[in-house]
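Have a look at the structure below, then the notes.
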Amino acid sequence: MDNNEIWVYIETSGSRIEPTSLQLITKAKQIADGRKVVAVVPETTAMTIETTLKQYGPDRIETLVADQFATATDEEIADALFQVINHNQPDSLLFPATILGRSVAPRLQAKLQTGLTGDCLDIFYKDGQLVQVKPTYGDNVMCDIVCPDERPQMVTVRPNTFRAEKTNDTVSEITKAVFDFHKQADSQVIATEPIINSSSKLDDAKVVIALGRGAYNEKNIELAKDLAAKLGGMVGVSRPLTDEPEFTHDDQIGIGGAKLSADLLINLGISGAVQYTVGIKNAKKIVSVNIDKDAPIFEESDFAYVGDVTDFLTAFAKQVR
4 MDNNEIWVYI ETSGSRIEPT SLQLITKAKQ IADGRKVVAV VPETTAMTIE TTLKQYGPDR
64 IETLVADQFA TATDEEIADA LFQVINHNQP DSLLFPATIL GRSVAPRLQA KLQTGLTGDC
124 LDIFYKDGQL VQVKPTYGDN VMCDIVCPDE RPQMVTVRPN TFRAEKTNDT VSEITKAVFD
184 FHKQADSQVI ATEPIINSSS KLDDAKVVIA LGRGAYNEKN IELAKDLAAK LGGMVGVSRP
244 LTDEPEFTHD DQIGIGGAKL SADLLINLGI SGAVQYTVGI KNAKKIVSVN IDKDAPIFEE
304 SDFAYVGDVT DFLTAFAKQV R
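Residues in the sequence shown are numbered consecutively from 4, following this note's numbering.
The following block contains the structure:
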C-alpha cells in the first residue's frame with residue numbers, strides 16, 4: 004500500500020550537500036499539504052550531514068549508511084535506494100537534475116517500474132496527482148505531465164529552480180534504513196573529479212546585468228560590463244546573444260542556462276519570453292529597461308523603465324561611484 008510521503012534524494016559530494024537537494028526539500032514542504040517530507044540520503048559512517056539537513060525542515064531523514072558509498076557506482080546507489088523505496092512506497096520522489104541525479108533516477112525508475120519526468124521547472128499537486136511541468140517543442144511550450152497509475156511519481160528538477168530556505172518549525176526524526184549493499188561485479192570507480200562549470204558563478208552572483216537583443220551593440224556591452232564591475236556583479240545574456248562572439252553558453256540565463264538568485268537583476272533590451280523568465284523568478288529585485296511599454300518582461304519586474312538602454316546605462320553609471 005502506497006504511503007503519502009514525498010521523498011527527496013539528497014546528493015552529496017564528500018561532506019557537502021548538493022544545493023539542489025536542499026532546494027527540493029523547501030519546495031516539497033511548500034506543496035506537501037499534509038504529506039510528510041522525507042530526505043533520503045546514502046552516506047558513509049564518517050559523514051554527519053544530518054545537522055545541516057535538519058535546518059531545512061524535513062519531517063524525517065532516512066539514512067542509508069555504508070562505507071561503500073564513498074566510491075559507489077550509480078547502479079549501486081540505485082540498487083540501495085530501490086530496496087528502501089520499494090519497501091516504504093512513497094507517493095512521490097524528487098531528484099536534482101544534476102549529472103548524478105540524471106544517472107541514478109532513471110536506473111531507479113526502471114527498477115520501480117514507474118514513470119519519470121526529467122528536467123522539470125515546477126511541480127505541484129492537483130487532485131492527488133503530482134503535476135510535473137517541463138518545457139517541450141524547443142522550449143517554446145510548457146507541458147504538464149502526470150503519472151496517474153504508478154507510484155512513486157518521480158521527477159528530476161533543474162538546479163536553482165527553487166530557493167532553499169531554512170526553517171525552525173520542524174523537528175526532524177532520523178531513521179536508519181535496512182538494506183544490503185550489493186557490489187556491482189563488472190564496474191568499479193577508479194577516481195572522481197568534480198566538474199566545474201563557470202556558469203555556476205552567474206547562478207550565485209548577487210548582482211546581474213542582463214543583455215538582450217534589444218541592447219546588443221558594442222557601447223551597451225561596454226557600459227554593462229563597467230556597471231557590473233562597479234556593483235560587484237556579472238553580465239549575463241538571453242539565449243540569442245550566445246550566438247554572438249562576445250558571449251558563450253555559460254553567460255546564458257533561462258532554460259538551458261543559469262537560474263538566478265541575485266539580490267538585484269537589471270534586464271536591458273529583453274522582451275521577456277518564457278525561456279528567459281524561468282531563469283529569473285528567484286531574483287529578489289528586478290529592474291527592466293525596454294523601449295516597448297508592453298514588453299512582457301515588465302510583468303516580471305519590480306521597477307520598469309520605458310526608454311533607451313544606452314541612456315539608462317549612462318545615467319545609472321554616473322550615480323555609481
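Where is the CB? At the ideal position from N, CA and C, for every residue including glycine. Since the model is a prediction, treat every value here as computed from it, not as a measurement.
Per-residue DSSP class, three states only, for residue i
| i | result |
| --- | --- |
| Thr164 | coil |
| Asp70 | helix |
| Glu65 | strand |
| Leu25 | helix |
| Gln132 | strand |
| Glu302 | helix |
| Val41 | strand |
| Gln187 | coil |
| Asn7 | coil |
| Thr15 | strand |
| Asp122 | strand |
| Ala213 | strand |
| Gln278 | helix |
| Thr313 | helix |
| Ser95 | strand |
Integer-rounded CB distance, given that residue j should sit under 8 angstroms from residue i
| i | j | result |
| --- | --- | --- |
| Glu153 | Thr117 | 4 angstroms |
| Gly236 | Val210 | 3 angstroms |
| Ala42 | Ile13 | 5 angstroms |
| Ala108 | Thr159 | 5 angstroms |
| Leu67 | Val44 | 7 angstroms |
Pairwise C-alpha distance: residue j and residue i
| i | j | result |
| --- | --- | --- |
| Ser304 | Thr280 | 10 angstroms |
| Gln71 | Lys186 | 9 angstroms |
| Leu27 | Glu46 | 19 angstroms |
| Asp130 | Pro151 | 10 angstroms |
| Lys284 | Leu111 | 31 angstroms |
| Cys146 | Val277 | 13 angstroms |
| Val144 | Ile258 | 12 angstroms |
| Gly60 | Ile52 | 13 angstroms |
| Val149 | Leu119 | 9 angstroms |
| Asn7 | Ala318 | 56 angstroms |
| Asp314 | Gly282 | 26 angstroms |
| Gly121 | Ile177 | 29 angstroms |
| Thr23 | Ile273 | 27 angstroms |
| Met4 | Ala232 | Residue placement at Met4 cannot be trusted, given a pLDDT of 44 that sits under 50; what the coordinates show is reported in the next sentence. One C-alpha to the other measures close to 57 angstroms. |
Min CB distance residue i to chain C below 8 angstroms
| i | result |
| --- | --- |
| Leu214 | Of the protein chains in this structure there is only one, and it is not chain C. |
Proximity test, residue i beta-carbon vs the ligand ATP heavy atom, cut-off 7 angstroms
| i | result |
| --- | --- |
| Gly236 | Because no ligand of any kind appears in the structure shown, any question about the ligand ATP cannot be addressed here. |
The region 154-172 / the region 91-109 touching (three or more Cβ pairs under 8 angstroms): The answer is yes - the region 91-109 touches the region 154-172, with three or more Cβ pairs under 8 angstroms.
At least three beta-carbon pairs within less than 8 angstroms, the region 128-136 to the region 254-269: no
Cβ pair count under 8 angstroms reaching 3, the region 262-270 against the region 205-220: yes
The region 222-237 / the region 290-301 touching (three or more Cβ pairs under 8 angstroms): no
Inter-stretch contact at 8 angstroms, needing at least 3 Cβ pairs: the region 121-129 / the region 214-233: The region 121-129 vs the region 214-233: no contact.
Sufficient close CB pairs (3 or more, under 8 angstroms) joining the region 168-184 to the region 84-94: yes
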